[in-house]
Amino acid sequence: MCYLPQDNDSLRGHPLHKLLRPLAALSALVLAGCAAQAGGADGDDFLMFGGPIFSDGGSAQADGSTQVIPAEALVVRDGKVVFAGDLATARSQAKGLPLVDLKGAAAYPGFVDSHVHLTGVGLREMTLNLDQVGSVAELTAAVKAWNASHPGPEPLAGRGWIETHWPEKRFPNRADLDAVVADRPVVLGRADGHAAVLNSAALKLAGITRDTTDPAGGRIERDAAGEPTGMLIDTAQGLIDARLPPMSLAVRREALEKAVALYAARGWTGAANMSTDAADVKVLFALAADRKLPIAVDVFMTPQDAGEVLRRGPYSDPTGLVRVRGVKLYMDGALGSRGALLLAPYSDQPATSGLQIAQHDETLAILKQALRVRADVAFHAIGDAGNRQALDWMAEAFASDPAAAKAVRWRIEHSQIVNPADIPRFRKLGVVASMQPSHAIGDLYFAPARLGPDRLQGAYAWRSLTRSGALVIGGTDAPVEVGDPRIEFYAAAVRKDLKGASAPDWHPEEALNRVQALALFTVNPAQADHRPEGWGRLVVGSPANITVFSRELLTAQEADIPTARPVLTVVNGRIVHDAR
Ligand SMILES: [Zn+2]
């Protein structure tokens, strides 16, 4: 067992807290040993009991069975599960070990968020957060208030608005923003990250006029007179991004530190960080070295910063907590802003079929190089044409090196609208479907309008994909969504919005059973993430990655799932969140 004084904060109120004090002096001696342990294991040894422990929660998912018998007790030593079973045997094996009493709460294998943007999660906490805004009027009021409390000439940045529920039924525009802030650039990202609205000062800063042509893979929205409305879609956002001051390393670190702390507190034990740049990797490595990284983070680089991982293959920091796995690529945009690439035009805008961002030849070169060094590829594809093409291109690369194809775990991020004919191709090619259940319960308000009834057949089809034998993993895409394991589990298993509403064209038959839903966040990511046998479960030999919720998710009433409280989070045996 490894003790470090910095850990004491996370243990405040925990019985181990007292134990640690006299050992603080020893910490320098054990530091080297701790760092050397795989996965940064420096856990608290303990006997966990007092609530159902779903030691094998997801392993029954292949046959769709929902029969899961929880263990009574778990013994953890040196970051690993050494016993799972009945309490009497556990007690005899764990004499003298500290007790962790669940007091009726339920323990699960550690939840993993397979798609997140941690820097964005942290920044959302630090800048103007618009995710609760319910109308254009509320949006402008929020901007006005923020401008008053954060005056200055520098651009005012915000993010998180989503107009799909707004009474005005339209995108915000520059006139809305000019009316409240005219003397300072304002740039407000839509929640999905695929669009932003700018005021006139920001358009000027970006150099955008009626004569500016749309960049490849993007669109400058224009009114009937041809004037830019302020809305920039997909790569057109690059026109303003290039003019904004780069994020300082200090801000980056603050954002990532906030995000990982928030994630541990929500019950996540691991996350796959998408579109990571080199500066973020530096900060993540530093956080791990400084023992400020409570959860495990897998990293997929932006194409611009993927040079190193594509040259040397996957690598990790000395603690093993941060693993740079590969590269994230974009095939298309998002459905809400009509950037998703569709096989047929949008039902509510027949002039467009979406945007193709990736180009074949240069993408194939990246895919083949990734195969050569066994790096993983996370390919963003939302539309049915985007998904088909991503599968086609991956198949083309795999054919060039079948042995390497078996060694990698490539994935399609979102796999959101898939033509039913393409569903079996995921399993056949060994491509992982990385899906975000909460997208469905948010998008299904506007998806029927965008797609029409026929194309909803293969939309957010995690049950059909699971049935086809594809490996499906669950994520949040936060800050696009909240980033909450309870909401994702609920959406996967219930497929209704948080108020319990649904509609026939939401395809309720695509809901998973509870065990399958649990697998999306536990055993399935373990497999997709090249983790050894035992990961994603709590059996002898498993790493002690444990998520404890106040409710029993496998049997709770639907409405009670989102109100479960994250009680305890354990990573490699280390208690990183304790709200018992
Ligand atoms: Zn994303």
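All residue numbers for the sequence shown refer to this note's numbering, where the first residue is 34 and numbers rise by one.
Ideal Cβ positions, reconstructed from N, Cα and C, are used throughout, including at glycine.
Note that the structure is a prediction, hence the values are computed from the model and not measured.
Buried or exposed (CB count within 10 angstroms, at least 16 for buried), residue i
i: residue 261; result: buried
i: residue 599; result: buried
i: residue 268; result: buried
i: residue 590; result: exposed
i: residue 340; result: exposed
i: residue 574; result: exposed
i: residue 566; result: exposed
i: residue 413; result: buried
i: residue 394; result: exposed
i: residue 244; result: exposed
i: residue 562; result: buried
i: residue 385; result: exposed
i: residue 389; result: buried
i: residue 506; result: buried
i: residue 32; result: Summary: the structure shown does not reach residue 32, with the chain confined to residues 34 through 613, and so no result is reported for it.
i: residue 294; result: buried
i: residue 113; result: buried
i: residue 356; result: buried
i: residue 361; result: buried
i: residue 282; result: exposed
i: residue 367; result: buried
i: residue 602; result: buried
i: residue 102; result: exposed
i: residue 558; result: buried
i: residue 377; result: exposed
i: residue 290; result: buried
i: residue 344; result: exposed
i: residue 576; result: buried
i: residue 487; result: exposed
i: residue 433; result: exposed
i: residue 203; result: exposed
Same chain, Cβ closer than 6 Å to residue i, neighbours up to 5 away in sequence not counted
i: residue 154; result: 292, 511, 512 and 516
i: residue 81; result: 107 and 133
i: residue 140; result: 86, 579 and 581
i: residue 52; result: Since pLDDT at residue 52 reaches only 32, below the 50 mark, its modelled position is unreliable, and the value read off the structure follows with that caveat. Contacts found: none.
i: residue 597; result: 519, 582, 583 and 584
i: residue 338; result: 310 and 311
i: residue 502; result: 460
i: residue 346; result: 406, 407 and 408
i: residue 348; result: 357
Bridge partner(s) assigned by DSSP for residue i
i: residue 490; result: Note: residue 490 sits in no beta bridge, so no partner.
i: residue 566; result: Residue 566 is not bridged to any residue.
i: residue 143; result: Answer by DSSP bridge pairing: none, since residue 143 is not bridged.
i: residue 610; result: 602
i: residue 479; result: Bridge partners of residue 479: none, in fact.
i: residue 382; result: 379
i: residue 162; result: 192
i: residue 389; result: 365
i: residue 301; result: 144
i: residue 447; result: 414
i: residue 273; result: Answer by DSSP bridge pairing: none, since residue 273 is not bridged.
i: residue 579; result: 142 and 603
i: residue 261; result: 255
i: residue 506; result: 467
i: residue 306; result: 149 and 332
Own chain partners of residue i with C-beta closer than 8 Å, once the 5 adjacent residues on each side are dropped
i: residue 593; result: 584
i: residue 381; result: 482 and 483
i: residue 618; result: This structure cannot settle anything about residue 618, because the visible part of the chain is limited to 34 through 613.
i: residue 491; result: 417, 450, 451, 452, 453, 455, 456 and 497
i: residue 316; result: 282, 285, 286 and 289
Anticipated Cβ contact below 8 Å, residue i with residue j, distance rounded
i: residue 173; j: residue 224; result: Not confirmed; about 17 Å, so no contact.
i: residue 145; j: residue 304; result: 7 Å
i: residue 426; j: residue 462; result: At roughly 11 Å, the Cβ-Cβ gap does not stay under 8 Å, so residue 426 and residue 462 are not in contact.
i: residue 228; j: residue 265; result: 7 Å
i: residue 342; j: residue 408; result: 5 Å
i: residue 321; j: residue 302; result: Contact doesn't hold; Cβ gap of about 15 Å is too wide.
i: residue 328; j: residue 609; result: 7 Å
i: residue 184; j: residue 570; result: About 53 Å; that fails the 8 Å criterion.
Neighbourhood of residue i by C-beta, 7 Å cutoff - its chain only, sequence neighbours within 5 removed
i: residue 119; result: 105 and 106
i: residue 595; result: 519, 520, 523 and 531
i: residue 535; result: 528, 529 and 541
i: residue 419; result: 364, 365, 373 and 374
i: residue 525; result: 470, 495, 507, 545, 550 and 553
i: residue 478; result: 197 and 198
Distance cut-off 8 Å: residue i Cβ against heavy atoms of ligand 3
i: residue 446; result: In the structure shown, ligand 3 is absent; the only ligands present are ligand 1.
is_contact[residue i, chain C] using C-beta, thresh 9 Å
i: residue 307; result: No chain C appears in this structure, which consists of one protein chain only.
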